[in-house]
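Residue numbers (our numbering), protein chains in the order written: chain A, 242 to 586; chain B, 242 to 586. Idealized CB from N, CA, C, for every residue including glycine. Note that the structure is a prediction, hence the values are computed from the model and not measured. Take a look at the structure set out below.
Number of protein chains: 2
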Amino acid sequence: MGKKPVLNMADLAERAGVSMASVSRALSGAPGVSEATRTRIRTLAQDLSYTVSPDAARLARGSNGRIAVVTPDVAHWFYASMLDGIVTALHDSELDVLLYEVQEERERRRFFDELPARRQVDALVLIALPISDDERSRLDLMGVPVVMAGGTLGDHPHVRIDDAAAAHQAAAHLVGVGHERIAMINATGHWTLEYAAPSERLHGFTRALHDAALPLDPELVVTERWGSGGGAEAMSRLLGLSRPPTAVVAFSDEMAFGALRTLRRAALRVPQDMSVVGIDDHSVADMLDLTTVQQPVVEQGRVAGLLVREVVEHGAARSPYVTLPTHVVVRGTTAPPPPAPGALG
Amino acid sequence: MGKKPVLNMADLAERAGVSMASVSRALSGAPGVSEATRTRIRTLAQDLSYTVSPDAARLARGSNGRIAVVTPDVAHWFYASMLDGIVTALHDSELDVLLYEVQEERERRRFFDELPARRQVDALVLIALPISDDERSRLDLMGVPVVMAGGTLGDHPHVRIDDAAAAHQAAAHLVGVGHERIAMINATGHWTLEYAAPSERLHGFTRALHDAALPLDPELVVTERWGSGGGAEAMSRLLGLSRPPTAVVAFSDEMAFGALRTLRRAALRVPQDMSVVGIDDHSVADMLDLTTVQQPVVEQGRVAGLLVREVVEHGAARSPYVTLPTHVVVRGTTAPPPPAPGALG
DNA sequence: ATGCTCTACGTAAGCGCTTGCGTGATGACG
DNA sequence: CGTCATCACGCAAGCGCTTACGTAGAGCAT
Numbered sequence: 242m243g244k245k246p247v248l249n250m251a252d253l254a255e256r257a258g259v260s261m262a263s264v265s266r267a268l269s270g271a272p273g274v275s276e277a278t279r280t281r282i283r284t285l286a287q288d289l290s291y292t293v294s295p296d297a298a299r300l301a302r303g304s305n306g307r308i309a310v311v312t313p314d315v316a317h318w319f320y321a322s323m324l325d326g327i328v329t330a331l332h333d334s335e336l337d338v339l340l341y342e343v344q345e346e347r348e349r350r351r352f353f354d355e356l357p358a359r360r361q362v363d364a365l366v367l368i369a370l371p372i373s374d375d376e377r378s379r380l381d382l383m384g385v386p387v388v389m390a391g392g393t394l395g396d397h398p399h400v401r402i403d404d405a406a407a408a409h410q411a412a413a414h415l416v417g418v419g420h421e422r423i424a425m426i427n428a429t430g431h432w433t434l435e436y437a438a439p440s441e442r443l444h445g446f447t448r449a450l451h452d453a454a455l456p457l458d459p460e461l462v463v464t465e466r467w468g469s470g471g472g473a474e475a476m477s478r479l480l481g482l483s484r485p486p487t488a489v490v491a492f493s494d495e496m497a498f499g500a501l502r503t504l505r506r507a508a509l510r511v512p513q514d515m516s517v518v519g520i521d522d523h524s525v526a527d528m529l530d531l532t533t534v535q536q537p538v539v540e541q542g543r544v545a546g547l548l549v550r551e552v553v554e555h556g557a558a559r560s561p562y563v564t565l566p567t568h569v570v571v572r573g574t575t576a577p578p579p580p581a582p583g584a585l586g
Numbered sequence: 242m243g244k245k246p247v248l249n250m251a252d253l254a255e256r257a258g259v260s261m262a263s264v265s266r267a268l269s270g271a272p273g274v275s276e277a278t279r280t281r282i283r284t285l286a287q288d289l290s291y292t293v294s295p296d297a298a299r300l301a302r303g304s305n306g307r308i309a310v311v312t313p314d315v316a317h318w319f320y321a322s323m324l325d326g327i328v329t330a331l332h333d334s335e336l337d338v339l340l341y342e343v344q345e346e347r348e349r350r351r352f353f354d355e356l357p358a359r360r361q362v363d364a365l366v367l368i369a370l371p372i373s374d375d376e377r378s379r380l381d382l383m384g385v386p387v388v389m390a391g392g393t394l395g396d397h398p399h400v401r402i403d404d405a406a407a408a409h410q411a412a413a414h415l416v417g418v419g420h421e422r423i424a425m426i427n428a429t430g431h432w433t434l435e436y437a438a439p440s441e442r443l444h445g446f447t448r449a450l451h452d453a454a455l456p457l458d459p460e461l462v463v464t465e466r467w468g469s470g471g472g473a474e475a476m477s478r479l480l481g482l483s484r485p486p487t488a489v490v491a492f493s494d495e496m497a498f499g500a501l502r503t504l505r506r507a508a509l510r511v512p513q514d515m516s517v518v519g520i521d522d523h524s525v526a527d528m529l530d531l532t533t534v535q536q537p538v539v540e541q542g543r544v545a546g547l548l549v550r551e552v553v554e555h556g557a558a559r560s561p562y563v564t565l566p567t568h569v570v571v572r573g574t575t576a577p578p579p580p581a582p583g584a585l586g
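Structure follows, in structure tokens:
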């Protein structure tokens with residue numbers, strides 16, 4: 242009857258003819274064992290395929306080895322790429338990742354009320370998740386450092402892009418090829434909480450027009466819900482205008498995709514009749530030949546991963562605020578505007 | 242000096258004027274405390290925002306509350322959708338998810354050698370990860386149940402689609418609209434280990450031709466590496482043939498996208514000059530108007546999540562082998578073949 | 001030899017919980 | 001009014017580790 246199902250440290254110690262203390266030290270790399278003993282124990286552990294129980298170790302030591310990543314949507318291109326960067330950066334560390342998806346309001350509430358990650362992790366990485374003040378104070382209860390990937394959160398470490406600059410680049414590109422009547426398709430969040438990106442990008446857009454001494458026609462700024470459906474809808478509205486634009490900056494590639502769909506259905510040619518530029522450089526943008534402002538998403542995740550490692554390992558990050566650059570990728574959806582009807586040339 | 246940084250159960254018990262045992266029982270829902278006491282303790286815990294330490298609980302109880310999900314690529318559409326289904330299915334359970342990405346060979350080896358998830362989880366979900374026999378025996382060392390999502394693995398519980406049937410449906414659709422010279426673009430894995438899908442899909446394809454009494458021209462089966470690049474390459478080879486096909490079944494939508502790109506660059510019209518059908522119903526397929534065989538990816542993940550819950554909670558799943566249906570989604574990339582050069586009609 | 005410092009190792013006290021078992025109180029029953 | 005379940009609860013023994021502290025022996029200088 243009854244051997245333990247799995248070998249524990251006491252068993253190993255016995256077989257090695259030493260105390261548990263030595264085993265623990267040998268395996269963890271702590272000083273206080275001779276090299277000979279250490280090697281012997283390690284070899285034995287290997288042979289018996291023994292592993293220290295992370296839970297027991299963590300309990301005895303008080304915290305270690307795990308972080309939580311919180312994402313609004315596991316499957317969405319943007320968040321998934323971020324997550325990819327984060328786990329990649331963590332690959333050669335000892336940190337494991339506990340994954341939480343807080344998509345709907347219900348899960349959101351559950352996450353902040355119950356704090357399921359509480360006492361389980363050494364740090365938290367939030368992927369582009371706007372947070373209310375109440376929620377921030379709940380987070381503080383967890384008593385662990387937080388880093389924000391793809392946005393900002395108080396004075397917690399973060400990585401992000403300059404949204405205003407990105408939109409500015411998009412609009413400036415259109416100005417550069419000769420457009421004067423440029424629209425912006427902006428996004429509105431699906432939660433009560435607003436992301437900062439929409440207003441930032443609108444500012445950048447506005448500033449670009451201003452810099453080019455172009456008037457800003459309020460009709461040409463349309464806001465729809467986030468996603469390609471919203472983009473399609475927004476483009477319909479723009480086409481319905483008495484004086485439609487000749488080019489449009491979309492809040493994101495996804496919205497640009499929707500806009501392109503509307504244009505195709507309306508039998509308008511891109512870029513001859515209408516230029517479109519997105520923001521993101523979504524993996525599909527290349528396939529659809531969409532001109533866009535590229536932002537390094539995986540890289541943002543990677544930096545977030547490095548930040549969280551620093552924070553966990555050294556208590557703080559050396560340079561906790563990182564803004565990564567964006568740049569225009571010219572493809573086939575932008576060109577000079579068609580000659581104005583009744584124009585001289 | 243020295244209060245504990247965080248409230249523990251002993252503190253709570255003291256403040257509540259009861260023993261730890263009662264607190265534990267009250268909080269965990271175990272019998273042996275009166276309703277009155279239970280409520281009182283719970284309220285107090287709430288007020289003090291106390292949470293049981295999952296690690297200590299797990300240690301004392303011997304295992305509980307966490308599963309590992311292993312995916313080849315966090316960011317890839319297919320795996321990300323699977324993962325989404327899994328975490329969604331786990332949302333209203335008490336299970337947390339530990340995420341492991343084993344992308345490159347190095348990480349793969351590390352994962353199977355070190356078994357970082359070992360002693361940390363109650364079960365393992367593998368997302369479409371082909372596994373060698375050696376690796377399987379390593380996995381057995383973990384001593385926890387394994388479920389496979391998007392494939393099979395010995396007699397472990399699994400969810401998947403019928404790959405042969407999917408390819409059969411794709412080819413049959415093309416036969417149905419009148420094609421007789423149909424190619425297949427097949428995929429080859431990027432690892433040494435082969436997925437089962439390519440050969441299965443090839444079988445389904447072959448069988449469909451056979452069922453329609455069409456000859457199978459070996460020239461028309463081309464295999465390229467997985468991904469849209471491979472699809473593009475494969476299509477080039479097909480176009481180089483002395484007698485090119487009039488239609489093609491691609492291993493996946495991604496490969497179909499590549500094929501479409503090649504066709505566009507070759508100035509061939511789709512579907513007038515060439516019909517293309519993919520498999521997956523990738524989120525972008527709709528955007529590119531690609532006819533495809535839809536497979537329920539998120540749903541497969543969801544089912545995998547349910548399976549793992551059953552396995553963890555009841556020790557076994559009631560029906561551990563699930564095959565989900567696929568079906569053709571007709572869009573704009575398939576049409577009858579062009580009239581044969583020199584044909585009578 | 002004596003005394004001292006090091007090093008390698010063992011002892012044992014926790015870490016924060018769960019749970020089998022024991023106990024007194026309570027109520028049912030004859 | 002005695003007898004026995006039953007129930008609510010406390011006691012204390014772990015769960016599998018880490019680590020402060022203690023100790024024996026080796027090495028060295030005196």
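> So what's B/Thr-567 in DSSP terms, helix, strand or just coil?
Replying inline: Three-state result, B/Thr-567: coil.
>> For a test of the three-state rule: what should DSSP assign to B/Met-242, helix, strand or coil?
In response: Note on B/Met-242: pLDDT 38, under 50, position unreliable in the model; the coordinate value appears next. Coil, per DSSP.
>> If I measure Cβ to Cβ from B/Thr-408 and keep anything under 6 Å in the same chain, skipping five residues before and after, which residues do I get?
In response: Correcting the residue type first, residue 408 of chain B is Ala in the shown sequence and not Thr. Excluding sequence neighbours, B/Ala-408 sits near Arg-442, Gly-445 and Phe-446.
>> Any beta carbon from chain A within less than 8 Å of B/Met-476's own beta carbon?
In response: The beta carbon of B/Met-476 sits no closer than 8 Å to any beta carbon of chain A.
> Is the CB of A/Ser-294 under 8 Å away from at least one CB in chain B?
Replying inline: It does: the Cβ of A/Ser-294 has a partner Cβ on chain B nearer than 8 Å.
> What do you get for A/Leu-324, buried or exposed, if any count of 16 or more other CB atoms within 10 angstroms of its CB means buried?
Replying inline: buried
> Taking C-beta to C-beta, are A/Ser-496 and A/Leu-461 nearer than 8 Å?
Replying inline: For the sequence presented, residue 496 of chain A should be read as Met rather than Ser. Between A/Met-496 and A/Leu-461, the C-beta gap is not smaller than 8 Å, which leaves the two residues out of contact.
> What do you get for B/Thr-429, buried or exposed, if any count of 16 or more other CB atoms within 10 angstroms of its CB means buried?
Replying inline: exposed
> Going by beta carbon distance, what residues of the same chain come within less than 7 Å of B/Leu-248, once the five residues before and after it are set aside?
Replying inline: The answer, listed in chain order, is Leu-289 and Tyr-291.
> What's the C-alpha gap between B/Ala-271 and B/Ile-372?
Replying inline: 40 Å
> What span of residues does the beta strand (DSSP E) with B/Tyr-320 cover, start to end?
Replying inline: Note, B/Tyr-320: premise wrong, no beta strand (DSSP E); alpha helix (DSSP H) at 318-331.
> Starting from B/Gln-287 and walking both ways along the alpha helix (DSSP H), at which residues does that stretch end?
Replying inline: 276-288
>> Using C-beta distances below 6 Å, list every residue in its chain close to A/Lys-244, excluding the 5 sequence neighbours before and after it, in chain order.
In response: At A/Lys-244 the pLDDT is 41, less than 50, meaning the model places this residue with poor confidence; the figure from the coordinates comes in the next sentence. Counting only Cβ-Cβ distances below 6 Å, and skipping sequence neighbours, we find nothing.
> Near B/Arg-283, which residues of its chain fall below 8 Å by C-beta distance, leaving aside the five closest residues on each side in sequence?
Replying inline: Ala-267 and Leu-268
>> Any beta carbon from chain A within less than 8 Å of B/Val-247's own beta carbon?
In response: Output row for B/Val-247: interface = yes.
> How would you list, in chain order, the residues of chain A whose beta-carbon sits under 9 Å from the beta-carbon of B/Arg-360?
Replying inline: Within 9 Å Cβ-Cβ: Val-247, Thr-292, Val-293, Ser-294, Pro-295, Asp-296 and Ala-297.
> Listing by chain order, which chain A residues have their CB less than 8 Å from the CB of B/Arg-283?
Replying inline: Per Cβ cutoff of 8 Å: no residues; B/Arg-283 is ~13 Å from chain A at best.
> Once you ignore the five residues that flank B/Asp-494 on each side, which residues in its own chain have a CB closer than 8 Å to its CB?
Replying inline: Contacts found: Gly-519, Ile-520, Asp-521, Asp-522, His-523, Val-525, Ala-526, Leu-531 and Thr-533.
>> Beta carbons nearer than 7 Å to chain A: which residues of the segment 311-341 of chain B have them?
In response: Only Val-315, Ala-316, Ala-321, Ser-322, Leu-324, Asp-325, Val-328, His-332, Asp-337, Val-338, Leu-339 and Leu-340 from the segment 311-341 of chain B bring a Cβ to less than 7 Å from some Cβ of chain A.
>> In whole angstroms, give me the CA-to-CA distance for A/Asp-438 and A/Val-563.
In response: Here residue 438 of chain A turns out to be Ala, not Asp, going by the sequence shown. A/Ala-438 and A/Val-563 have their C-alpha atoms some 16 Å from each other.
> Listed in chain order, which residues of the segment 359-389 of chain A have Cβ atoms closer than 8 Å to some Cβ of chain B?
Replying inline: Result list: Arg-359, Arg-360, Gln-361, Leu-382 and Gly-384.
> Which residue spans inside the segment 372-451 of chain B form an unbroken beta strand (DSSP E) run of at least 3?
Replying inline: The qualifying runs are 387-390, 399-402 and 423-429.
> Taking A/Phe-352 as the reference, which of A/Val-310, A/His-414 and A/Phe-319 has the closest Cα?
Replying inline: A/Val-310
> Between the beta-carbon of B/Thr-574 and the beta-carbon of B/Pro-512, is there less than 8 Å?
Replying inline: A Cβ-Cβ contact shorter than 8 Å links B/Thr-574 with B/Pro-512.
> Span of the alpha helix (DSSP H) holding B/Ala-453?
Replying inline: Element bounds for B/Ala-453: n/a, residue is neither H nor E.
> Run through DSSP, which three-state label would A/Ala-315 get?
Replying inline: Here residue 315 of chain A is Val; the residue named in the question, Ala, does not match the sequence. In the structure shown, A/Val-315 sits in coil (DSSP, three-state: anything other than H, G, I, E or B).
> What are the start and end residues of each continuous beta strand (DSSP E) run of 3 or more residues lying completely inside the segment 477-551 of chain B, in chain order?
Replying inline: Fully contained in the segment 477-551 of chain B are the following beta strand (DSSP E) runs of length 3 or more, in chain order: 488-491, 516-521 and 532-535.
> To which residues of the same chain is A/Leu-367 closer than 6 Å at the C-beta, ignoring the five residues directly before and after it?
Replying inline: Val-311 and Met-389
>> Within the continuous alpha helix (DSSP H) that includes A/Asp-296, where are the two ends?
In response: 295-302
>> Closer than 8 Å is the cut-off here; do at least three beta carbon pairs connect the segment 317-336 of chain A with the segment 542-551 of chain A?
In response: For the pair of segments examined, the segment 317-336 of chain A was found to touch the segment 542-551 of chain A: the number of CB pairs separated by less than 8 Å reaches three.
> With burial defined as no fewer than 16 other Cβ atoms inside 10 Å of the residue's Cβ, what is the status of A/Asp-404: buried or exposed?
Replying inline: buried
> Any idea if B/Arg-609 is buried or exposed, counting beta-carbon neighbours within 10 angstroms, 16 or more meaning buried?
Replying inline: This structure does not reach residue 609 of chain B, given that chain B is present from 242 up to 586, and the question cannot be answered.
> In or out: B/Ser-263 buried (at least 16 other Cβ within 10 Å) or exposed?
Replying inline: buried
> So, is B/Ser-440 buried or exposed, given that buried needs 16 or more other C-beta atoms within 10 angstroms?
Replying inline: exposed
>> For the segment 510-542 of chain B, list every residue whose C-beta sits within 8 Å of some C-beta in chain A, in sequence order.
In response: Val-525, Met-528, Leu-529 and Val-539
> Do you know offhand how far A/Ala-297's Cα is from B/Asp-296's?
Replying inline: Roughly 7 Å between the two C-alpha positions.
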